[in-house]
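*Asks:*
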Amino acid sequence: MSAGVPGAPGDAAPERASILATVRDLRATREHLRSRPVSAVVAALGTAGARFLDPEDAIRREALDRLPRTSGLSPEMCEVVLDGMAADWTPERLGELVEIELGDPRCLDDLVENEARSTMAVGPALCVQIGAGGVPGVGVTALLRSLLVKAPTLLKPGHGDALLPELYARSLAEVDEALARSLAVVCWPSERQDLLEAALGGAEVVVVYGSDETVAAVRAHVPATTRLVAYHHRISVGVVGRDALTRAAAPATAAALASAVSAYDRRGCVSPQVIFVEEGAACAPAELADLLARAMEETEKRWPSGALDPAEASRLHQARGTAEMMAAAHGGSVHHGGAWTVTWEPRGWPTVPVAGRFVRVRPIRDATDLPAVLQPLRAHLQTVGIAGLGPRARAVAVALGEVGASRVTPFQSVPFPPPWWHHDGRGPLLDLVRWVDLEVTPPGLAARLSR
Amino acid sequence: MERNGSFDTLARELEHAFDAGGENGRGDTSLAPWSEPRFTRLALAAFALQFERIPAYRGLCERRELTPETVTRWEDVPPVPAAAFKHLDLTIEPARRPEAVFRTSGTSRGRRARGRHLVTSLSLYRRSLVPPFGVHVVRGDRMPFISLVPPWRERIDSSLSFMVSAAAEAYASEVLWLVDGRGRLDEDALWSAMRAAERASVPVLIVATSLSLLHAVERLEMGRPVRLPPGSRVMDTGGFKGMEREVTRDELHTRVESATGVPASMMIGEYGMTELLSQLYEPVLDTGVHAFGTYVPAPWLRVRALDPLTLAEVPDGTTGLLSFFDLANAGSVCHVLTEDLGSVSRGRVRLQGRAPGAEPRGCSVAMDELLSAAGEASHELGA
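Which chain is which? The protein sequence lines are V and Z, in order.
Residue numbering for the first sequence follows our numbering, beginning at 1 and increasing consecutively.
Residue numbering for the second sequence follows our numbering, beginning at 1 and increasing consecutively.
1. Pull up the CB-CB distance for residue 240 (chain V) and residue 277 (chain V), whole angstroms please, since I reckon it's below 8 Å.
2. Pull the bridge partners of residue 120 (chain V) from the DSSP assignment, please.
3. Let me check one thing: in DSSP terms, what residues is residue 325 (chain Z) bridge-paired to?
4. Would you identify the three-state DSSP class for residue 188 (chain V), choosing helix, strand or coil?
5. Under the three-state reduction of DSSP, which class applies to residue 228 (chain V): helix, strand or coil?
6. Within the chosen definition, does the stretch 400-412 of chain V reach the stretch 85-92 of chain V through at least 3 CB pairs nearer than 8 Å?
7. What does DSSP give as the partner residue(s) for residue 295 (chain Z) in the beta ladder?
8. Does residue 303 (chain V) come out as helix, strand or coil in the three-state DSSP assignment?
9. Alpha carbons only, please: which of V:166, V:391, V:397, V:144 is nearest the one belonging to residue 382 (chain V)?
10. Would you verify that the beta carbon of residue 326 (chain V) is, or is not, closer than 8 Å to some beta carbon of chain Z?
11. Which residues, taken in chain order from the stretch 33-65 of chain Z, show a beta carbon closer than 7 Å to some beta carbon of chain V?
12. Hey, how far is the Cα of residue 102 (chain V) from the Cα of residue 430 (chain V)?
13. Our contact map puts residue 131 (chain Z) next to residue 18 (chain Z) with C-beta atoms below 8 Å; I'd like the distance itself, whole angstroms only.
14. Can you round the beta-carbon distance between residue 303 (chain V) and residue 80 (chain V) to whole angstroms, since I take them to be within the 8 Å contact cut?
15. Write down the C-beta distance between residue 384 (chain Z) and residue 298 (chain Z) rounded to the nearest angstrom, noting that I regard them as a contact closer than 8 Å.
16. DSSP beta-bridge partners for residue 269 (chain V)?
17. So residue 264 (chain Z) and residue 270 (chain Z) are in contact, right, with Cβ under 8 Å, and what is the actual spacing, rounded?
18. Residue 87 (chain Z) touches chain V at which residues, Cβ-Cβ below 7 Å?
19. Could you give the distance in angstroms between the alpha-carbon of residue 62 (chain V) and the alpha-carbon of residue 54 (chain V)?
20. Nearest-angstrom Cα distance between residue 51 (chain V) and residue 164 (chain V)?
21. Closer than 8 Å between beta carbons: that is the criterion. Which residues of the stretch 307-320 of chain Z meet it against chain V?
22. Scan the stretch 127-138 of chain V for residues whose Cβ lies nearer than 8 Å to a Cβ of chain Z and list them as they occur along the chain.
23. In whole angstroms, what separates the C-alpha of residue 72 (chain V) from that of residue 412 (chain V)?
24. Based on DSSP bridge pairs, tell me the residues matched to residue 207 (chain V).
25. Mind the definition here: the stretch 110-127 of chain V touches the stretch 164-180 of chain V only if three or more C-beta pairs lie below 8 Å; say whether that holds.
26. Whose CA, out of V:144, V:417, V:58, V:110, lies closest to the CA of residue 35 (chain V)?
27. Give the interface partners of residue 94 (chain Z) over in chain V, defined as CB-CB distance under 7 Å, in chain order.
28. Check residue 340 (chain Z) in the structure and name its three-state DSSP category.
29. Quick one: list the residues of chain V neighbouring residue 229 (chain Z), beta-carbon separation under 7 Å, in chain order.
30. For residue 81 (chain Z), which residues in chain V fall below 7 Å Cβ to Cβ?
31. Name the DSSP beta bridge partners of residue 416 (chain V), please?
32. To the nearest angstrom, report how far apart residue 79 (chain Z) and residue 353 (chain Z) are at their CA atoms.
33. Counting C-beta neighbours from all protein chains within 10 Å, is the total for residue 450 (chain V) 16 or more, i.e. buried, or is it exposed?
34. Residues of chain V with CB under 9 Å from residue 337 (chain Z), in chain order?
35. Assign residue 442 (chain V) to buried or exposed, taking buried as 16 or more other Cβ atoms, counted over all protein chains shown, within 10 Å of its Cβ.
36. What three-state label does DSSP hand residue 330 (chain Z) in the structure shown?
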């Protein structure tokens, strides 16, 4: 469905009539989609997804060829991102996702016995997904989720993330043409609210990714009876405990931090923006900042930053200059090279703007103080990367959960959450389905009622 | 006296020089830019003071190894990013209470912290703004002002309000303030002011932001069109940026003309920012409507377009990030790097708005935005 439809990426904006026709056509594929066993859907979707991992496959080659231009990331980073994202698009990983989240996958096909009832998960007649643009591949992950629950899917990809969904649609059409008819990738300018309305009018579930403003704007167009799943702006941070700050451990800690910050050029919602470093270890926070700066430089060689557009370059001058003045006024230090910047911010620094691969290092007396520190961010907090907390990790995670965090994970895993993660604290498939229960009369109830 | 002389001495010299206007002195209405040697001498004197008195700025300069000992050209004086005005009090008299604190209006997203400009000497500001206003807007005449900008007494944190109030003191035969400190337009007063001006056959000056002008025009469009006397004019300070409403400049001009009779050739654009005490004007009264879009800086303000990546100066007429060296900023920092794009051709500036590439994309949000949104711009996230 995607290839050649008006509004495919790169074309001029489609007309309202063509969006309405796409919505109608997608809804018409539902019957076929529902008739397919979930195992076959998982297999087809995964086969189309795994092609992005196969070095011999034309789809992967085209993706790697075009991604640097469309995403603004360097070719090296594009490869890292594609490998990381597509690892979750295989039949195995998609099967895992369905199973971990819904239990018996056959609940997507039929009623399954479940203690006192039989229950079935029904996906929406149409799922409209509005993507964000920061990280390439998020759009594919999004459309896979709704197709997995057998929902015909219309994806409006984010600016900068149109290529992979477009290629995925093509890949799926080559693998399973009938299934591919349930997917449309359609681009239109965000200011065309009439087109948004046309798309949303046919949806049973709407998923939106993006800034709080984008979410609010889409919410205003969603009818009361349509479910809205919103992934609004998020912020992620990290905390380094004393165990990771011994003389022996600190360099490796810094290297793991540098990879977590540099992935996606810090554009991901999982990208840590501040690293809180425990005081009182052999390696002091200021020293870790020095090590982190060195590691950022090394990472830059391995995964170069993407070319900066004029706006990002301009923000970088503002951010660095302001940070340098702040360091002169409040103490602390600023390290930078290429597009990376590390600031060591002792107590008293206001929160200044950032740009490029930019990470702040701040001191913390003890990791258990972190939840109170993060309190102001609670509505937006997402991932907290951790290192060196040892057995304290459990208690810290519980306390972080209380202030809004939804994911606590070692820095190595920060950039690529597993497919079954509780995305922003929720079940990505559970959010899309409606459960149908067939209840049976409990023994004794009929007799009680007739007395 | 300090090693580098005092601010008061420098300010006195600048005030006298501002009074005289352009390079050719009093009476020369061309407002020619100050000569290079004169500008450089004063620029380096101001830099020496600012370097000595503002530790944050000194730190920035030392990192770049550009200090008063090594710098001989004003272009090499390190520019301060405009964003720094949001987080630091940049004043060369930290012990002295500033005579005013002007604040930026914030952006459409309303999230980022607002900038603040601590003004050491309002007299210096007043004397820098009056001569260019006289040349570009009123041509030295006194005339009635109709202000759609709130008076300074009601908006003491607005550099624009101060500017209009000071210009009115210098050039207004009378002044009607039609918008109050909360931005409300007095509609009845608008109508009576326009009718009275129409009857009096004396040209008037309307001073407005683009938004307040649009609001007024929308009201006037509901009644009989007014015909302001010939010679009447409008000074438009711009300012749609970040507002929910926006119309093109052409549309605004057309509607102003049909509602008031003031032709486009009498509509003068002004460009200023809170971080700079000097202004730029479109020389419409000199060169007519084809001056639209090009701005002439005050004689003591130098503007350059810089490569967004390297910050090297780009060739004449080429687009780059605009940086301003404003001697009227002697009490804070003179050299300011903005996020605005534009080009400079033979000293005239063409503005193009913010650098493209738009806002940061995607699902991640920068922490400074969040904290500002939560009203905690200065909240230190630390333990």
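Built from N, CA and C at the ideal position, the CB exists for glycine as well.
These numbers come from a predicted model, not from an experiment.
*Replies:* Let me lay it out:
1. The Cβ separation is near 5 Å, so the contact holds.
2. Looking at the DSSP output, residue 120 (chain V) sits in a beta bridge with V:436.
3. Paired residues: Z:302, Z:335.
4. The three-state reading of DSSP puts residue 188 (chain V) in coil, since its state is none of H, G, I, E or B.
5. Residue 228 (chain V) falls in the strand class under three-state DSSP.
6. In the pairwise beta carbon analysis, the stretch 400-412 of chain V is classified as not touching the stretch 85-92 of chain V: fewer than three pairs are separated by under 8 Å.
7. Looking at the DSSP output, residue 295 (chain Z) bridges to Z:349.
8. Residue 303 (chain V): coil per DSSP, three-state reduction.
9. If we check each option's Cα against that of residue 382 (chain V), V:397 comes out closest.
10. Interface with chain Z (8 Å Cβ-Cβ cutoff): residue 326 (chain V) is included.
11. Hits within the stretch, in order: 55, 56, 57, 58, 59, 60, 63.
12. Taking the Cα positions, residue 102 (chain V) is about 7 Å away from residue 430 (chain V).
13. Their Cβ separation, rounded to whole angstroms, is 6 Å, which keeps residue 131 (chain Z) and residue 18 (chain Z) in contact under 8 Å.
14. Going by Cβ atoms, the distance from residue 303 (chain V) to residue 80 (chain V) rounds to 6 Å, so yes, they are a contact pair.
15. The requested residue 384 (chain Z) does not occur in the structure, where chain Z is confined to residues 1 to 383.
16. Per DSSP, none; premise fails for residue 269 (chain V).
17. Contact doesn't hold; Cβ gap of about 15 Å is too wide.
18. Within chain V, the C-beta atoms nearer than 7 Å to that of residue 87 (chain Z) come from 322, 326, 350, 352, in chain order.
19. Taking the straight line joining both Cα atoms gives about 12 Å.
20. Taking the straight line from one Cα to the other gives about 12 Å.
21. Residues of the stretch 307-320 of chain Z with a Cβ closer than 8 Å to any Cβ of chain V, in chain order: 308, 309, 311.
22. Against chain Z - using a Cβ distance shorter than 8 Å - the residues of the stretch 127-138 of chain V are 132, 133, 134, 135, 138.
23. Computed Cα separation, rounded: 23 Å.
24. As computed with DSSP, residue 207 (chain V) is found in a beta bridge with V:129, V:229.
25. Look at the beta carbons and you see the stretch 110-127 of chain V not touching the stretch 164-180 of chain V: under three pairs across the two are nearer than 8 Å.
26. The option with the nearest alpha carbon to residue 35 (chain V) is V:110.
27. Going along chain V, no residue has its Cβ under 7 Å from residue 94 (chain Z), so there is no contact; the nearest lies around 11 Å.
28. The answer is strand: DSSP assigns residue 340 (chain Z) an E or B state.
29. Contact annotation for residue 229 (chain Z) against chain V: no contact, minimum CB-CB distance about 42 Å [criterion: below 7 Å].
30. Within 7 Å Cβ-Cβ: 317, 318, 321, 322.
31. The partner list for residue 416 (chain V) (beta bridge, DSSP) is empty, contrary to what the question assumes.
32. Distance between the alpha carbons of residue 79 (chain Z) and residue 353 (chain Z): 19 Å.
33. Label assigned to residue 450 (chain V): exposed.
34. Correct list: 314, 317, 318, 321.
35. With fewer than 16 Cβ atoms within 10 Å of its Cβ, residue 442 (chain V) is classed as exposed.
36. Note: residue 330 (chain Z) maps to coil in three-state DSSP.
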